[in-house]
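Enquirer: Numbering (full-length UniProt numbering), first residue to last: 1 to 484.
Pasting a structure below so you can have a look.
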Amino acid sequence: MTAVPTSMTDTAQTPDTPDTITTLNPATGAVLAHYPSQSPAQIEQAVALAHAAALAWGRQPLALRLATLERLAAALRAQKDTFAALVTAEMGKPLAEAAGEMEKSAVTALYYVAQAPRLLADEPVEIAGMQPPVQAWVAHEPIGLVLAVMPWNFPVWQVMRFAIPSLAAGNGVLLKHSPNVTGCALALQQLFVDAGFPAHLVTTLVVAEPAVPATIERLIADDRIAAVTLTGSNRVGAAVGAAAGRASKKSVLELGGSDAFIVLDDADVQAAAAAAVKARFHNAGQSCVCAKRFIVSAGVAQAFTDAFVRGTQALVVGDPTDPATQVGPLARADLRDALARQIAQSVAAGGQLLAGGQALPGAGCYFAPTVIAGAQPGMAVFDEETFGPAAAIAVAQDDVHAQALANATPFGLSVSVWSGSTERARQLAQGLTTGAVFINAVTASDARLPFGGTKKSGYGRELAAAGLREFCNTRSWWAVGAVA
């Protein structure tokens, strides 16, 4: 099997040894903790216990499962500050953003508490004219233990947006989180126990980077694993998807993104520019759904660029534990170095550096919020996913050109279109291939809507009804004669 590293950039995340994971504070470079990697025998025991717990959980009444989810929402809120501090220490996002992951997860849990009875209910199917009479229905039933390979950029929310609907459906969770947020992974396992979920139903595996490829390969092939979900890079997704295919198992892949943020000439330019700053630099730009390519109609390009650069330069970069900080460090040094390479290559190819462009001096993995104008296909900042605080601005001559620029990407996660006419924005977006469209709004995930991508951004959906049913056996029932 192709190597299956678990980071967004397919590089080692921490200075792991074959036996130990070491986590670092990206704001200071200081060592946070050392964690012993589990042996194959320990992983086998964990899988056996998790599999048994999943089967037992799937036999529990839906009402009991949802009552436990309701307690999870309360636990998420009660432990918000403790978790926020841990998330900030391990991956560097500002405390307020880290706390936001907890609240969003709590809201999602309560959404499924309210909606799962309807979404998981048997669906009667009318079969007329049969003798003897037939009753038929479709059921959505649990499938067992699901392997989740999760990234570091949203250590809580990424796990919860899969785990919450999967647990509601009656499944168990085997979590392989990113090594650099191992503390968060173990804390999440305990959080589920604190909320009243059975022991081992949500199980975290602690696997040092050198052992990850063989471990993931074994797990996907294991008959006790019913399905796999992954959020990560395209190379990792290709490897995991291929392994799942060989094992004839369901997989959901949420991969890279290079979302377009399109500003048409009838848009409210100042509002669009203000939203664009938030869309690009949230979580220091370390998100698959951050807007990355800003495609602006020629008639408003200068006004938008001026406002966007002012907003970018006004961002407060600094200590993520300081309430005034808006942009913290990147999560790892290799991410900072990769971004510097993309920017240097793009400037060499003709891009104009309008702001930032370099790592900041001192301790930690800080990078100045960056804006590059004159972006076009062929430049690294346009063609590649930039996982950090760098924005690429391209000018479109008309709507057709804007559409062509937006489509000039292998990714298809989302698009944000800004216009004074919803119909005009809709017509433009209908010519794009993405999993979501946001008009006069910043792309975001919401429990009420399916989340996922197209093309190289992956397949399958999380959240809403689709996310609840992704890891269900959609089973057809046909009964002849009277049914009690």
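Ideal Cβ placement from N, Cα and C applies to all residues, glycine included.
Could you check where the alpha helix (DSSP H) with W157 kicks off and where it finishes?
Expert: Segment 157 to 168, the alpha helix (DSSP H) holding W157.
Enquirer: What is the DSSP secondary structure of L468, counted as helix, strand or coil?
Expert: Note: L468 maps to helix in three-state DSSP.
Enquirer: Suppose you measure from the CA of F471 to the CA of G460; what does that come to, to the nearest Å?
Expert: Each residue's Cα considered, the two are about 10 Å apart.
Enquirer: Quick one: grab the DSSP three-state call for E209.
Expert: Note: E209 maps to helix in three-state DSSP.
Enquirer: Can you tell me the Cα-Cα spacing of Q352 and A344, whole angstroms?
Expert: Roughly 11 Å between the two C-alpha positions.
Enquirer: For A163, which residues of its own chain have a beta-carbon under 6 Å away from its beta-carbon, when the five flanking residues on both sides are left out?
Expert: These residues qualify, in order along the chain: V173.
Enquirer: Rank V113, L405, P124, A185 by C-alpha distance to the C-alpha of A465 and give the top, closest one.
Expert: It is V113 whose Cα lies nearest to the Cα of A465.
Enquirer: Using the Cβ count rule (16 or more neighbours within 10 Å means buried), how would you classify T422?
Expert: Per the 10 Å Cβ criterion, exposed.
Enquirer: Can you tell me whether D399 is buried or exposed, with buried defined as 16 or more other CB within 10 angstroms of its CB?
Expert: Buried is the call here.
Enquirer: Could you pull out every unbroken beta strand (DSSP E) segment of at least 3 residues lying fully inside the region 392 to 446, listed in chain order?
Expert: Counting only runs of 3 or more, we get 414 to 418, 436 to 439.
Enquirer: Rounded to a whole number of angstroms, what is the C-alpha to C-alpha distance between F197 and A46?
Expert: So the alpha carbons of these two residues sit roughly 16 Å apart.
Enquirer: What does DSSP give as the partner residue(s) for P124 in the beta ladder?
Expert: DSSP output for P124 lists W137 as bridge partner(s).
Enquirer: Can you list the alpha helix (DSSP H) stretches of 4 or more residues lying completely in the region 210 to 238, in chain order?
Expert: Correct list: 212 to 221.
Enquirer: If you check the beta carbons only, do G364 and G92 fall under 9 Å apart?
Expert: Contact: yes.
Enquirer: By the 10 Å Cβ neighbour count, where 16 or more other Cβ atoms means buried, how is M160 classified, buried or exposed?
Expert: The residue is buried, with at least 16 neighbouring Cβ atoms inside 10 Å.
Enquirer: Taking a contact to mean a Cβ-Cβ separation below 9 Å, would you say D266 touches T443 in this structure?
Expert: Against a cut-off of 9 Å, the Cβ pair of T443 and D266 comes out as no contact.
Enquirer: By how many angstroms is the C-alpha of D122 removed from the C-alpha of I262?
Expert: Roughly 42 Å separates the two Cα atoms.
Enquirer: Taking all protein chains shown into account, do 16 or more other C-beta atoms lie within 10 angstroms of the C-beta of A54, making it buried, or fewer, making it exposed?
Expert: Burial call: buried.
Enquirer: Looking only at C-alpha atoms, which of A148, V327, A314 sits nearest to A244?
Expert: Selected option, being the one with the closest Cα: A148.
Enquirer: Thinking just about the alpha-carbon of each residue, which of S346, G356, Y366 is nearest to the one in D334?
Expert: When each option's Cα is compared against that of D334, the closest is Y366.
Enquirer: Inspect the beta-carbon positions of I439 and A447 and report whether they are closer than 9 Å.
Expert: No; because the gap between Cβ atoms is not below 9 Å, this pair is not in contact.
Enquirer: Cβ of I225 less than 9 Å from any chain B Cβ?
Expert: Looking at the structure shown, chain B is missing, and only one protein chain is on hand.
Enquirer: In this structure, does DSSP put S7 in helix, strand or coil?
Expert: Low local confidence applies: a pLDDT of 35 at S7 is under 50, so the model's placement there is unreliable, and no value is given.
Enquirer: Below 7 Å CB to CB, which residues in the same chain sit around G241 once its five sequence neighbours on both sides are set aside?
Expert: Within the same chain, G241 has close Cβ partners S251, L253.
Enquirer: With respect to the beta strand (DSSP E) encompassing I372, which residues constitute its N-terminal and C-terminal limits?
Expert: Note, I372: beta strand (DSSP E), 370 to 373.
Enquirer: Whose C-beta lies closer than 6 Å to the C-beta of A50 among residues of the same chain, with five residues either side of it excluded?
Expert: The answer, listed in chain order, is L145, G172, L174, H200, T203.
Enquirer: Under a Cβ-count criterion, where at least 16 other Cβ atoms within 10 Å of its own Cβ denotes burial, should V138 be classed as buried or exposed?
Expert: By the 10 Å Cβ count, V138 comes out exposed.
Enquirer: When you compare only the Cα positions, how much space is there between A48 and T312?
Expert: So the alpha carbons of these two residues sit roughly 50 Å apart.
Enquirer: What do you get for M102, buried or exposed, if any count of 16 or more other CB atoms within 10 angstroms of its CB means buried?
Expert: Buried: at least 16 other Cβ atoms inside 10 Å.
Enquirer: Assuming the contact rule is C-beta atoms closer than 8 Å, A291 and S416 should be a hit. Round their C-beta distance to whole Å, please.
Expert: Their Cβ separation, rounded to whole angstroms, is 6 Å, which keeps A291 and S416 in contact under 8 Å.
Enquirer: Rounded to whole angstroms, how far is the Cβ of Q158 from the Cβ of P151, which I believe are closer than 8 Å?
Expert: Right, the Cβ-Cβ distance comes to about 6 Å (below 8 Å), so this counts as a contact.
Enquirer: Apart from the five residues on each side of it in sequence, which residues of its chain come closer than 7 Å, Cβ to Cβ, to A276?
Expert: The answer, listed in chain order, is F261, A291, F294, F308.
Enquirer: When DSSP labels each residue in this structure, what does L76 get in the three-state scheme?
Expert: Helix, per DSSP.
Enquirer: Taking the Cβ atom as the reference point for each residue, do C288 and G237 lie within a distance shorter than 9 Å?
Expert: Cβ atoms of C288 and G237: not closer than 9 Å.
Enquirer: Can you have a look at V4 and say buried or exposed, based on whether 16 or more other CB atoms are within 10 angstroms of its CB?
Expert: Below a pLDDT of 50, predicted positions are generally treated as unreliable, and V4, at 31, falls in that range; the measurement from the model is reported next regardless. With 16 or more Cβ atoms within 10 Å of its Cβ, V4 is classed as buried.
Enquirer: Since F382 and A394 are thought to touch, with beta carbons under 8 Å apart, how far apart are those beta carbons, to the nearest angstrom?
Expert: Contact flag correct, Cβ pair sits at about 7 Å.
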